[in-house]
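First residue of the sequence shown: 1, per UniProt numbering; consecutive thereafter. We treat Cβ as the ideally placed atom computed from N, Cα and C, and that holds for glycine. Report on the following structure.
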Amino acid sequence: MRWKVNNETRQRLLADRAERASSFVQRFKGLMGRRSLAVGEGLHIAPCNSIHTFFMRIPIDVLFLDAQGRIVKQMPALPPWRATSVYFQSRSVLELPAGVLAASGTQEGDQLSFEPVT
Numbered sequence: 001m002r003w004k005v006n007n008e009t010r011q012r013l014l015a016d017r018a019e020r021a022s023s024f025v026q027r028f029k030g031l032m033g034r035r036s037l038a039v040g041e042g043l044h045i046a047p048c049n050s051i052h053t054f055f056m057r058i059p060i061d062v063l064f065l066d067a068q069g070r071i072v073k074q075m076p077a078l079p080p081w082r083a084t085s086v087y088f089q090s091r092s093v094l095e096l097p098a099g100v101l102a103a104s105g106t107q108e109g110d111q112l113s114f115e116p117v118t
């Protein structure tokens, strides 16, 4: 299933074809090996409170979300071969193409919503 992700605070669409990774294998693989991540795509990893970009080829924008979908930490254009700290408030992570956060004006504290795409 794909998801539409909106920044409710800024009234901006962040992704219209986001996938969800919820199994151990899906969460472990994440975006590893992908050559690109197109505008409109994304990966929502749940549960999750830290990530790495080992074996990735592209930088990504990263949002750490609490249980209500509020951004507790953001990392724009996180390069490959990095690891983040653990964010104990985070219950999930949204990975987006680099540049989406800047283009949308997304900030820590913003509220996101997820709607299934039918």
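Assigned exposure category for residue i - 16 Cβ within 10 Å defines buried
i     : result
Ser92 : buried
Phe64 : buried
Gly30 : buried
Endpoints, the alpha helix (DSSP H) within which residue i is located
i      : result
Ser104 : 100-104
Val86  : Note, Val86: premise wrong, no alpha helix (DSSP H); not H, not E.
CA nearest to the CA of residue i, picked from the options
i      : options                      : result
Ala15  : Asp61, Met56, Phe28          : Asp61
Trp81  : Ser36, Phe114, Ala18, Ile58  : Ile58
Leu13  : Pro47, Thr118, Ala103        : Ala103
Gln26  : Ala38, Ala83, Leu43          : Leu43
Phe88  : Glu115, Ala38, Ile51         : Ile51
Gly99  : Val86, Pro76, Gln107         : Pro76
Glu108 : Arg70, Ser85, Ala18, Arg2    : Arg70
Arg10  : Asp66, Glu115, Gly105, Met32 : Gly105
Endpoints, beta strand (DSSP E) assigned at residue i
i     : result
Val25 : Element bounds for Val25: not the beta strand (DSSP E) but the alpha helix (DSSP H), 24-29.
Met56 : Here Met56 belongs to no beta strand (DSSP E), and DSSP marks it neither H nor E.
Ala77 : 71-78
Proximity of residue i and residue j at Cβ, strictly below 8 Å
i     : j     : result
Val39 : Pro97 : yes
Asn7  : Leu78 : no
Ser90 : Asn49 : yes
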